[in-house]
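All residue numbers for the sequence shown refer to the working numbering, where the first residue is 149 and numbers rise by one.
Where is the CB? At the ideal position from N, CA and C, for every residue including glycine.
All of these numbers come straight from a predicted model, not from anything done at the bench.
Structure first, commentary second.
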Amino acid sequence: MKALITGVTGQDGSYLAELLLAKGYEVHGLMRRASLFNSARIDHIFNRLHLHHGDMLDASSLRRVLARVMPDEVYHLAAQSHVRVSFDEPEYTHAVNAMGTLTLLEAVRAICPEAKVYNASSSEMFGNAPAPQTITTPFAPISPYGIAKLAAHNHAVMYREAYGMFVCNGILFNHESPRRGPTFVTRKITMALGRRDKTIELGNLDARRDWGFAGDYVRAMWTMLQGNEPKDYIVATEEDHSVRDFLWEAQRIAGHTIDMRETERLRRPREVNRLKGIPNLPGWRPTVDFGGLVKMMVEADRA
């Protein structure tokens, strides 16, 4: 089996590449060309991967890579993934997340229409819809990121229904790990504690999220593409915790406290108050709970 992962150098891409290699796949990854190396998350498996340069905004590069690889499965993870940044860069966010997905789907349809496709949707598409959110909860995104992800989600549904392609949307709730980027709030907290900083600036401490472990969530991605019928699925833990809860638990595990300063500069113009998902993927359950996730991240950042 051959798989192509867009966004292979990201948190999810690195865990997914490990999973697929362990299952005997030939794993190909799409990387943006940059002047600096950005492969730290996959350096330990670098020599086992087949890496290709390409960009979600460059249709010719996507078609060239697909024609070269002819994958059995395509996992589309590449995105501008920071919700707060999407308010500052809405056009770029929409171009990459929405139009990039459309460009990839059209390329798959033209080059390898029999390939199974996983598209990474997001819980941010629900906006402030009442929790818990289920597969039937109406979408109501309130950020440029959520709106772009919903457009991509709808493109995927259209290609599935119009062209009979095997396309699954995974509506992933927040998922973290020691490989999370340093600008995301969970990693920002654990890194500050690991450095034993005296203070930390945070945005909305009362925002509640359904946090899971990224390694569990990539297993869900793979499971979706092993089914006989393409569908849309929620991946979540059925628990929600506030940013304040995460900070307190991280401090408890670290064994010391940090002076927290709540600042308007880090708040979003519109805030999703509470996300809590009810998963609907048969045969999948998370293996790492909230406490285990925080412990994993704190210990990794103080090592």
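Please report how far the alpha carbon of Gly-312 lies from the alpha carbon of Val-265, in whole angstroms. Position 164 of the sequence shown holds residue 312. Position 117 of the sequence shown holds residue 265. Those two C-alpha atoms are separated by around 12 Å.
Within its chain, find whatever has a CB closer than 8 Å to the CB of Asp-437; leave out the 5 residues flanking it on each side and keep chain order. As a first step, residue 437 must be located in the sequence shown, where it is residue number 289. Thr-385 and Glu-387.
For the region 368–382 against the region 302–316, are there 3 or more C-beta pairs whose distance is under 8 Å? yes
If you scan the region 291–353 from start to end, which runs of the alpha helix (DSSP H) of 4 or more residues do you find wholly inside it? 292–311 and 333–342
Cα-Cα, which of Pro-280, Thr-284 and Asn-276 is closest to Ile-295? Counting from 1 along the sequence shown, the entry for residue 295 is found at position 147. It is Asn-276 whose Cα lies nearest to the Cα of Ile-295.
Quick check on this structure: which residue in Glu-239, Thr-157, Ile-193 and Gly-172 has the alpha carbon closest to the alpha carbon of Met-179? Here residue 179 refers to the residue found at position 31 when the sequence shown is read from its first residue. The shortest C-alpha separation from Met-179 is found at Thr-157.
Out of Phe-332, Asn-186, His-192 and Ile-153, point me to the one whose CA is closest to Val-175's CA. Within the sequence shown, numbered from 1, the residue matching residue 175 stands at position 27. Val-175 has its Cα closest to that of Ile-153, out of Phe-332, Asn-186, His-192 and Ile-153.
Can you check DSSP and say which residues form a bridge with Asn-267? The count along the sequence shown starts at 1 and reaches residue 267 at position 119. Its beta-bridge partners are His-224 and Asn-317.
Distance, Cα to Cα, Ser-390 vs Ala-299? Start at 1 with the first residue of the sequence shown, and residue 390 comes out as number 242. Start at 1 with the first residue of the sequence shown, and residue 299 comes out as number 151. The alpha-carbon atoms of Ser-390 and Ala-299 are separated by roughly 28 Å.
Pull up the distance between the alpha-carbon of Glu-360 and that of Glu-309, whole angstroms please. Reading the sequence shown from its first residue, position 212 is the one you call residue 360. Reading the sequence shown from its first residue, position 161 is the one you call residue 309. Checking the displayed sequence, the identity of residue 360 turns out to be Gly instead of Glu. Taking the straight line joining both Cα atoms gives about 31 Å.
Could you please give me the residues that DSSP links to Asp-407 through a beta bridge? For this step, residue 407 is matched to residue 259 along the sequence shown. Asp-407 is bridged to Thr-347.
Rounded to whole angstroms, what is the Cα-Cα separation between Arg-415 and Ile-290? Mapped onto the sequence shown, residue 415 falls at position 267. Mapped onto the sequence shown, residue 290 falls at position 142. Their Cα atoms are separated by approximately 14 Å.
Would you kindly check if the distance between the Cβ of Ala-151 and the Cβ of Glu-221 is under 7 Å? As a position in the sequence shown, residue 221 is number 73, starting the count at 1. As a position in the sequence shown, residue 151 is number 3, starting the count at 1. Contact flag set, yes.
Looking at the secondary structure, which residues open and close the alpha helix (DSSP H) in which Ile-190 lies? To locate residue 190, count along the sequence shown from 1; it is residue 42. No alpha helix (DSSP H) contains Ile-190, which DSSP labels as neither H nor E.
From the DSSP output, which residues share a beta bridge with Gly-248? Along the sequence shown, read from residue 1 onward, the residue named residue 248 stands at position 100. DSSP, once it has assigned bridges, lists no residue as partnering Gly-248.
C-alpha gap between Met-444 and Lys-336, whole angstroms: As a working note, residue 444 is residue 296 in the sequence shown. As a working note, residue 336 is residue 188 in the sequence shown. Spanning the two alpha carbons is a distance of roughly 14 Å.
If I follow the unbroken beta strand (DSSP E) through Lys-379, where does it start and stop? Residue numbering aside, residue 379 sits at position 231 when the sequence shown is read from its first letter. Where Lys-379 is concerned, there is no enclosing beta strand (DSSP E), given that its DSSP letter is neither H nor E.
Quick one: Cα of Leu-252 to Cα of Ile-426, how far? Numbered from 1 along the sequence shown, position 104 holds the residue referred to as residue 252. Numbered from 1 along the sequence shown, position 278 holds the residue referred to as residue 426. Taking the straight line from one Cα to the other gives about 29 Å.
Spatial neighbours of Phe-194 in its chain, beta-carbon cut-off 7 Å, leaving aside the 5 residues before and after: Numbered from its first residue, the sequence shown carries residue 194 at position 46. Excluding sequence neighbours, Phe-194 sits near Ser-187.
Compute the Euclidean distance between the alpha carbons of Ser-271 and Glu-397, then round it to the nearest angstrom. In the sequence shown, counting from the first residue as 1, residue 271 sits at position 123. In the sequence shown, counting from the first residue as 1, residue 397 sits at position 249. So the alpha carbons of these two residues sit roughly 24 Å apart.
Under 7 Å between the Cβ atoms of Val-366 and Asp-203? Numbered from 1 along the sequence shown, position 218 holds the residue referred to as residue 366. Numbered from 1 along the sequence shown, position 55 holds the residue referred to as residue 203. No, Cβ-Cβ distance for Val-366 and Asp-203 is not below 7 Å.
Glu-324 burial status per 10 Å Cβ neighbour count (16 or more: buried): Here residue 324 is taken as the residue at index 176 of the sequence shown, counted from 1. It counts as buried.
Is the region 346–359 close to the region 327–336, with three or more CB pairs under 8 Å? yes
Rounded to whole angstroms, what is the Cα-Cα separation between Cys-260 and Asp-236? The residue given as residue 260 occupies position 112 in the sequence shown. The residue given as residue 236 occupies position 88 in the sequence shown. Roughly 36 Å between the two C-alpha positions.
Within this structure, are the beta carbons of Glu-349 and Arg-409 separated by less than 7 Å? Here residue 349 refers to the residue found at position 201 when the sequence shown is read from its first residue. Here residue 409 refers to the residue found at position 261 when the sequence shown is read from its first residue. It is a contact, given that the beta carbons lie within the stated cut-off.
Nearest-angstrom Cβ-Cβ length linking Tyr-223 and Leu-164, presumed shorter than 8 Å: Reading the sequence shown from its first residue, position 75 is the one you call residue 223. Reading the sequence shown from its first residue, position 16 is the one you call residue 164. Rounded, the Cβ-Cβ distance is 6 Å, consistent with contact.
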